[in-house]
Amino acid sequence: MDKDTIITSKADEFLQMFKKGEEFTKELLKENEKLRFKIAQLSETMARTGDEARIKIYEDRIALLEEEVKSLRERFMQVEQENKDFASKYVEVEEENNNLANLYVASYQLHSTLDFSEVLRIVLEIVINLIGAEKFAVLLIDDKTNEMVPVCTEGMTLSDAPKVRIGDGTIGSVAKEGESYFAYDLSSEVFNPLEPIVCIPLKIKEHVIGVITIYKLLVQKAGFSNVDYELFNLLAGHAATAIFSSRMYTQSERKLTTIQSFLDLLKEKPKK
Amino acid sequence: MPNILVVEDSPTMRQLISFAIKRVPNSRVIEATDGVDALKKLSSEKVDLILADINMPVMDGLKLVSLVRSNASYKDIPIIIVTTEGAEEDKKRALAIGANAYLPKPIQTQELIKLVNSYLPA
Chain A
0 MDKDTIITSK ADEFLQMFKK GEEFTKELLK ENEKLRFKIA QLSETMARTG
50 DEARIKIYED RIALLEEEVK SLRERFMQVE QENKDFASKY VEVEEENNNL
100 ANLYVASYQL HSTLDFSEVL RIVLEIVINL IGAEKFAVLL IDDKTNEMVP
150 VCTEGMTLSD APKVRIGDGT IGSVAKEGES YFAYDLSSEV FNPLEPIVCI
200 PLKIKEHVIG VITIYKLLVQ KAGFSNVDYE LFNLLAGHAA TAIFSSRMYT
250 QSERKLTTIQ SFLDLLKEKP KK
Chain B
0 MPNILVVEDS PTMRQLISFA IKRVPNSRVI EATDGVDALK KLSSEKVDLI
50 LADINMPVMD GLKLVSLVRS NASYKDIPII IVTTEGAEED KKRALAIGAN
100 AYLPKPIQTQ ELIKLVNSYL PA
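These protein sequence lines are chains A and B, in that order.
Counted from 1, the first sequence has number 61 at position 62 by numbering that gives the first Met the number 0; the numbering is strictly sequential.
Counted from 1, the second sequence has number 83 at position 84 by numbering that gives the first Met the number 0; the numbering is strictly sequential.
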């Protein structure tokens, strides 16, 4: 082979090598581009993953707060209900307190005197002012005749009030049985002395000494409340003992005065 | 300390009203048995409010209201009528004479206290 041919073949070899180098460089550049793209993609994904994690944290926190709000709301409703219960209990206690005050005053007044007429006046006051009756009478049993006779009245005269034998009619039955009577219709306008709207026995233990007969309530009094029934019970017992003891006391006082006068007369020796 | 004059001939009602008014903070009850007695108490004590019945012996509640309203020294004292007279015309008459409020018996204690508080100086 001559010298020129050798140079040409070496030049070709070099050119081929150069071309391969060029191709390799191009491939590297492409690979580099691909890797750059992947890096960009990865950093974008990473950024997105951070946001999602944060969102997840916030969502969890919101759920927690919502749970807390729910439990607070439930507690608030519970406290509100408790408040309502306390308020209604307060009203009940207040009402009970007032009722007890009424009963205390009535009982205190009934036992504040031993004067028979004053006790009757107090019974009238209680029935008018605390119960709200306009027309009524107090009847006491006369042991000699076994008949109930009126001793005091309000809104009617003594002569309008009936005399009733024990066991006769509504009033007589109340005296016989010792059980209170309440008419179905409390607003009856027709006055019948033998048909009261309410009849309360005056009892010392099981012994009836008389009755209170109510014929008409005050215009503003529509019906009876719990305290009225308590007052009726109180009147049945306390008014009876107050009336009985004051009557006994008044009678014994009168007898004592008579006996004392008689003794004084005996002591005085006739001067001759 | 508000002074409340209770004019009532019934000892039972006087005691009951006084009992109720004890719940008005710092108040003091002055009792009178009729209108004449009330005027005596008014001349000797400073009164912030009058609670008066209508049906009373010696001088009734309506006469008391008109006398209080015509007296320069007492004319501004609030008066609450507490009575068994529950008819509307009775109420109108009492208010026309000069009563400030009208409460028919039997009284509800809470209602009475509420009314008393509303007429007492703050």
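A virtual CB, placed ideally from N, CA and C, is assigned to each residue, including glycine.
These numbers come from a predicted model, not from an experiment.
Roughly how far, in whole angstroms, is the beta-carbon of residue i from the beta-carbon of residue j, given that I think they are within contact range, below 8 angstroms?
| i | j | result |
| --- | --- | --- |
| Val-6(B) | Ala-37(B) | 4 angstroms |
| Val-35(B) | Ile-3(B) | Going by Cβ atoms, the distance from Val-35(B) to Ile-3(B) rounds to 19 angstroms, so no, they are not a contact pair. |
| Ile-96(B) | Ile-53(B) | About 11 angstroms separates the two Cβ atoms, so there is no contact after all. |
| Leu-41(B) | Pro-77(B) | So it is not a contact: roughly 13 angstroms between Cβ atoms. |
| Leu-102(A) | Leu-233(A) | 6 angstroms |
| Gln-109(B) | Glu-146(A) | Incorrect: roughly 44 angstroms between the Cβ atoms, too far for contact. |
| Ile-211(A) | Ile-199(A) | 5 angstroms |
Could you have a look at residue i and say whether DSSP puts it in helix, strand or coil?
| i | result |
| --- | --- |
| Val-46(B) | coil |
| His-206(A) | strand |
| Asp-8(B) | coil |
| Val-197(A) | strand |
| Val-218(A) | coil |
| Arg-129(B) | Limits of chain B in this structure are 0 at one end and 121 at the other, which puts residue 129(B) out of reach. |
| Val-163(A) | strand |
| Asp-50(A) | helix |
| Asp-141(A) | strand |
| Ala-102(B) | Residue identity check: residue 102(B) is Leu in the sequence provided, not Ala. Residue state, collapsed to three classes: strand. |
| Thr-240(A) | helix |
| Ile-130(A) | helix |
| Val-28(B) | strand |
| Thr-82(B) | strand |
| Ala-191(A) | One point to set straight first is that residue 191(A) is Asn, not Ala, in the sequence displayed. Asn-191(A) falls in the coil class under three-state DSSP. |
| Glu-21(A) | helix |
Just the C-alpha distance for residue i and residue j, rounded to the nearest angstrom, thanks.
| i | j | result |
| --- | --- | --- |
| Arg-53(A) | Leu-64(A) | 16 angstroms |
| Arg-164(A) | Asn-96(A) | 40 angstroms |
| Val-122(A) | Arg-68(B) | 35 angstroms |
| Ile-213(A) | Leu-262(A) | 46 angstroms |
| Lys-220(A) | Lys-134(A) | 13 angstroms |
| Leu-341(A) | Ile-242(A) | This structure gives no information on residue 341(A), because the portion of chain A shown stretches from 0 to 271. |
| Gln-108(A) | Glu-124(A) | 10 angstroms |
| Thr-82(B) | Ala-51(B) | 8 angstroms |
| Asp-1(A) | Thr-24(A) | 35 angstroms |
| Lys-37(A) | Met-45(A) | 12 angstroms |
| Ile-20(B) | Glu-117(A) | 26 angstroms |
Quick one: does the C-beta of residue i sit closer than 6 angstroms to a heavy atom of the ligand GTP?
| i | result |
| --- | --- |
| Met-155(A) | In the structure shown, the ligand GTP is absent, as is every other ligand, since no ligand is present at all. |
Residue i touches chain B at which residues, Cβ-Cβ below 9 angstroms?
| i | result |
| --- | --- |
| Lys-202(A) | Here the premise fails: no neighbours, minimum Cβ distance about 22 angstroms. |
| Gly-131(A) | Thr-83, Gly-85, Pro-103, Lys-104 and Pro-105 |
| Ala-105(A) | Thr-11 and Leu-15 |
| Glu-93(A) | Thr-108 and Gln-109 |
Note down, in chain order, every chain B residue with its Cβ under 8 angstroms from the Cβ of residue i.
| i | result |
| --- | --- |
| Gly-171(A) | Those within 8 angstroms of Gly-171(A) in chain B number zero; the least Cβ separation is about 29 angstroms. |
| Ala-100(A) | Leu-15, Phe-18, Ala-19 and Thr-108 |
Taking Cβ-Cβ distances shorter than 7 angstroms, what residues in chain A pair up with residue i?
| i | result |
| --- | --- |
| Ser-9(B) | Glu-124 and Asn-128 |
Give the residues of chain B in contact with residue i, contact being defined as C-beta atoms less than 7 angstroms apart.
| i | result |
| --- | --- |
| Ile-121(A) | Thr-11 |
| Ala-241(A) | Near Ala-241(A) there are no residues of chain B at all, since even the closest Cβ is about 13 angstroms away, more than 7 angstroms. |
Discussion item. Any C-beta of chain A within less than 8 angstroms: which residues of the segment 107 to 118 of chain B qualify?
Written reply: Gln-107, Thr-108 and Gln-109
Worksheet entry | chain A contacts from the segment 11 to 30 of chain B (Cβ-Cβ distance under 8 angstroms) | Thr-11, Met-12, Gln-14, Leu-15, Phe-18 and Ala-19
Worksheet item: Taking a cut of 8 angstroms between CB atoms, which residues from the segment 211 to 238 of chain A lie near chain B?
Response: Leu-217, Val-218, Gln-219 and Lys-220
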